[in-house]
Every structure is written in C-alpha cells, then in structure tokens.
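S.K.: 89 is the number that numbering that gives the first Met the number 0 gives to position 90 of the sequence shown; each next residue is one higher, with no gaps.
Glycine included, C-beta positions come from ideal geometry on N, C-alpha and C.
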Amino acid sequence: MTLFIICAFAYIMGSIPFGLLLTRLAGLGDIRAIGSGNIGATNVLRTGKKWLAAATLLLDALKGTLVVLWIQGYGHGGVFLAALCVFLGHLYPVWLGFKGGKGVATGFGVFYALCWPVGVICCAVWLATAALLRFSSLAALAAYAAAPVAAWYFSSDQTALLVLIIAALVYWKHRGNIKRLTSGTEPRIGKKAAA
Numbered sequence: 000m001t002l003f004i005i006c007a008f009a010y011i012m013g014s015i016p017f018g019l020l021l022t023r024l025a026g027l028g029d030i031r032a033i034g035s036g037n038i039g040a041t042n043v044l045r046t047g048k049k050w051l052a053a054a055t056l057l058l059d060a061l062k063g064t065l066v067v068l069w070i071q072g073y074g075h076g077g078v079f080l081a082a083l084c085v086f087l088g089h090l091y092p093v094w095l096g097f098k099g100g101k102g103v104a105t106g107f108g109v110f111y112a113l114c115w116p117v118g119v120i121c122c123a124v125w126l127a128t129a130a131l132l133r134f135s136s137l138a139a140l141a142a143y144a145a146a147p148v149a150a151w152y153f154s155s156d157q158t159a160l161l162v163l164i165i166a167a168l169v170y171w172k173h174r175g176n177i178k179r180l181t182s183g184t185e186p187r188i189g190k191k192a193a194a
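1) Expressed to the nearest angstrom, what Euclidean distance is found between the alpha-carbon atoms of Arg31 and Tyr170?
2) Taking contact to mean at least 3 C-beta pairs separated by less than 8 Å, is the region 5-14 in contact with the region 61-74?
3) One question on the structure: do Val103 and Gly36 come within less than 8 Å of each other, judged by their Cβ atoms?
4) Can you tell me which of Ile70, Ala138, Val117 puts its alpha carbon nearest to the alpha carbon of Ser154?
5) Taking C-alpha atoms, which residue in His173, Pro16, Lys172 lies nearest to Gly88?
6) To which residues of the same chain is Ala149 closer than 6 Å at the C-beta, ignoring the five residues directly before and after it?
7) Hey, out of Thr41, Cys122, Gly96, Trp115, whose CA is closest to Arg187's CA?
8) Below 8 Å on the Cβ atoms is my guess for Val85 versus Gly18; work out the distance and round it to an integer in Å.
9) Let me know the secondary structure DSSP gives Tyr143 once reduced to three states.
10) Just verifying my parser: in three-state terms, what is the DSSP assignment at Pro92?
11) On a CA-only basis, which of Cys114, Ala141, Thr128, Phe134 is nearest Leu160? Give me that one, please.
12) Quick check on the burial criterion: 16 or more other C-beta atoms within 10 angstroms. Buried or exposed for Arg174?
13) Starting from the C-beta of Lys62, find all residues in its chain whose C-beta is less than 7 Å away, skip the five residues before and the five after it, and write them out in chain order.
14) Does DSSP put Arg31 in a helix, in a strand, or in coil?
15) At which residues does the alpha helix (DSSP H) containing Arg23 begin and terminate?
16) Which residues bound the alpha helix (DSSP H) around Thr158?
17) Rounded C-beta distance between Gly96 and Leu90? I'm assuming under 8 Å.
18) Entirely within the region 84-140 and at least 4 residues each: give me those alpha helix (DSSP H) ranges in chain order.
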C-alpha cells in the first residue's frame with residue numbers, strides 16, 4: 000500500500016502540465032495548438048515569451064527533483080519507483096489523454112535528485128550541443144546518451160539502470176524529431192515548427 004501511494008503521488012505530481020497551465024494563465028491559449036503541439040519548454044519558447052519558457056523548464060525540472068527528494072527524506076524505500084513514476088506522469092498525464100511532454104527537463108530534475116553529477120553533466124551536454132548546433136532535440140538526445148554513462152560512473156548499478164530506462168523513453172518520445180533531423184527538416188531553436 001505504501002508503494003502504491005508513493006507511485007500515485009509521484010505520477011500525479013509529474014503529470015502537472017506546467018507548460019499548458021502557464022501559457023493559459025498568460026492568455027496565450029492552448030500550447031498544444033502552437034508549433035509542435037508539445038507542452039514542454041521548447042514549444043513554449045515558440046510563443047515568443049522567453050520568461051514563460053524558462054518558468055516551464057524550471058517547474059518541469061523541479062517537480063522531478065522535489066518528488067524524489069521528498070520520498071528520499073522518508074527513508075522507507077520506493078525512491079526509484081517514485082523517480083520513474085514522476086517521469087512517466089510528465090510523459091503520459093491522465094488529464095491530457097496520456098499525451099504529455101518529452102520528459103527532458105523532468106528527467107534532468109530526477110537525475111539531480113538521484114545523483115547530482117549526472118544532472119550537471121546532462122545539462123552541460125545539452126547546453127553545449129544547443130549552443131553549437133541550435134537544435135533542442137539533438138541537444139536532448141546527446142544529453143540522454145551521456146546520462147547512462149555518467150550514472151554508471153558516478154552512481155550505483157541500480158541508478159544507472161533507471162537512468163538508462165528514462166533515457167530510452169526520452170529517445171522514444173523523440174522518434175519524430177530523429178526522423179526530421181535525419182531528413183534535414185527539424186526546426187532550429189527559435190524557429191517555428193510545423194504543427
């Protein structure tokens with residue numbers, strides 16, 4: 000029962016769609032009708048509101064970090080389940096018909112809570128790739144390729160396995176982006192995407 004409550008709590012917290020909520024509160028309508036239709040920070044940036052995209056990024060990351068730290072604070076197990084469930088909540092929120100974000104920011108937040116060097120390395124790889132190549136999706140793919148290696152080096156095998164699962168899910172959610180990257184049609188950061 001305790002593990003069920005932990006999983007349910009983590010999933011519900013993860014499923015809070017901050018990108019959707021913030022754009023509606025800002026009077027910009029439904030973010031799912033803009034750009035790529037995604038609820039994450041990259042698509043929020045396409046509204047032209049950088050502060051709104053930054054707030055979405057921060058809140059999506061914080062929900063991953065805070066849920067894991069909160070469960071860790073109780074010290075009764077379930078941390079890895081909570082980490083996975085908060086991430087799955089972001090990807091597949093029940094109130095949005097299980098159509099959520101791609102999990103990049105929330106995954107970073109989870110990594111920071113589980114093993115902060117992994118979070119730092121992932122963010123550094125994302126920032127470097129984004130700055131050099133100007134593709135948010137490619138930056139995410141590079142960061143999540145580095146994540147399992149960093150987790151294996153800096154943490155336990157169990158953490159590395161969880162990070163590998165999260166990375167695989169991020170790649171799955173980016174399969175459309177991968178196709179556009181290989182075909183040369185992926186929009187760069189700051190450019191509008193096809194709906």
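M.R.: The short version:
1) 21 Å
2) yes
3) no
4) The shortest C-alpha separation from Ser154 is found at Val117.
5) Pro16
6) Same-chain partners within the cutoff: Val117, Ile120.
7) Thr41
8) About 16 Å; that fails the 8 Å criterion.
9) helix
10) coil
11) Cys114
12) exposed
13) Met12, Gly13, Ile15, Val85, Thr105, Gly108
14) helix
15) 17-24
16) 156-172
17) Wrong, their Cβ atoms sit about 12 Å apart, outside the cutoff.
18) 103-113, 115-132
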